[in-house]
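As you go down the protein sequences, you meet chains A and B in turn. Note that the working numbering numbers the first sequence so that position 8 is 8, with each residue one more than the last. For the working numbering, add 1000 to where a residue sits in the second sequence, where the first one is 1. Ideal Cβ positions, reconstructed from N, Cα and C, are used throughout, including at glycine. Quick caveat: nothing in here was measured; it's all calculated off a predicted structure. One structure is given here, and the rest of the page talks about it.
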Amino acid sequence: ETGVTQTPRHLVMGMTNKKSLKCEQHLGHNAMYWYKQSAKKPLELMFVYNFKEQTENNSVPSRFSPECPNSSHLFLHLHTLQPEDSALYLCASSQEGLAADTQYFGPGTRLTVL
Amino acid sequence: SQKIEQNSEALNIQEGKTATLTCNYTNYSPAYLQWYRQDPGRGPVFLLLIRENEKEKRKERLKVTFDTTLKQSLFHITASQPADSATYLCALDMNSGGYQKVTFGIGTKLQVIP
């Protein structure tokens, strides 16, 4: 498989559930990103990892917990979410995490919180 | 406050015409500006990058201009086709603490009418 993959593609969860989103990149990149895309709003950067180290946490609520065990994998652990957290969650990767890098996006996970 | 504005939510044009999309920003100083295409339910796909010292960049039917004095980028698609129908995102690409930080606009939805 090539590019950036995300699983699951769709997820419906209750506010008391715990779930995880998975992202895998097959591009040999060293930087990975989580974005949130809500209707009528621009992509919002959530977390950035460079060489497995978290370098950005964009004031994201603690009910979202990222994990980057290696340069190819990124997880977003979810617990006690709110209905307003329903959105498309996009993972991306880039070569070195430096300005001018192209970001390669996965297809996203459509999350619905009931 | 920092703001990125893309000219309109939706733009309808006739097939064969040139589509022009606008991206204006305030209180940013990007070193680069990127344009992405996003189809419904999918992640954005990179199209073009232009540097702050470049006035214009071309790729096939696409042309991007970047005016750092006006704080504006224009994105042109010549000889537009129905397959060009998508949402186009402008993204400011900056260096933040030694790493890349990309801030996206909300996008312009382009509809090319046959």
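Using a cut-off of 7 Å between C-beta atoms, extract the partners of N50 (chain A) located in chain B.
Ordered by position in chain B, the residues that pass the 7 Å Cβ test against N50 (chain A) are Y1099.
Considering just the uninterrupted stretch of the beta strand (DSSP E) at I1077 (chain B), what are its terminal residues?
1072–1077 is the span of the beta strand (DSSP E), which, as asked, contains I1077 (chain B).
Is the beta carbon of Y1099 (chain B) closer than 8 Å to that of G28 (chain A)?
No, they are not a contact pair.
Compare the beta carbon distance of Y33 (chain A) and F47 (chain A) with 8 Å and say whether it is the shorter of the two.
Contact: yes.
So, for P83 (chain A): in the same chain, excluding its five sequence neighbours on each side, which residues have a beta-carbon less than 6 Å away from its beta-carbon?
Answer for P83 (chain A): V113, listed in chain order.
Check this for me: beta carbons of Q1038 (chain B) and A1086 (chain B), under 8 Å apart or not?
In this structure, A1086 (chain B) lies closer than 8 Å to Q1038 (chain B) by Cβ.
Where does E1015 (chain B) sit, in a helix, a strand or coil, going by DSSP?
Coil.
Do the stretch 1101–1112 of chain B and the stretch 1010–1019 of chain B touch if we need at least three Cβ pairs shorter than 8 Å?
The stretch 1101–1112 of chain B is in contact with the stretch 1010–1019 of chain B.
May I have the straight-line CA-CA distance separating L88 (chain A) from T5 (chain A), to the nearest angstrom?
Taking the straight line joining both Cα atoms gives about 14 Å.
From K1055 (chain B) to L76 (chain A), what does the alpha carbon distance come to, in whole angstroms?
C-alpha separation (whole angstroms): 39 Å.
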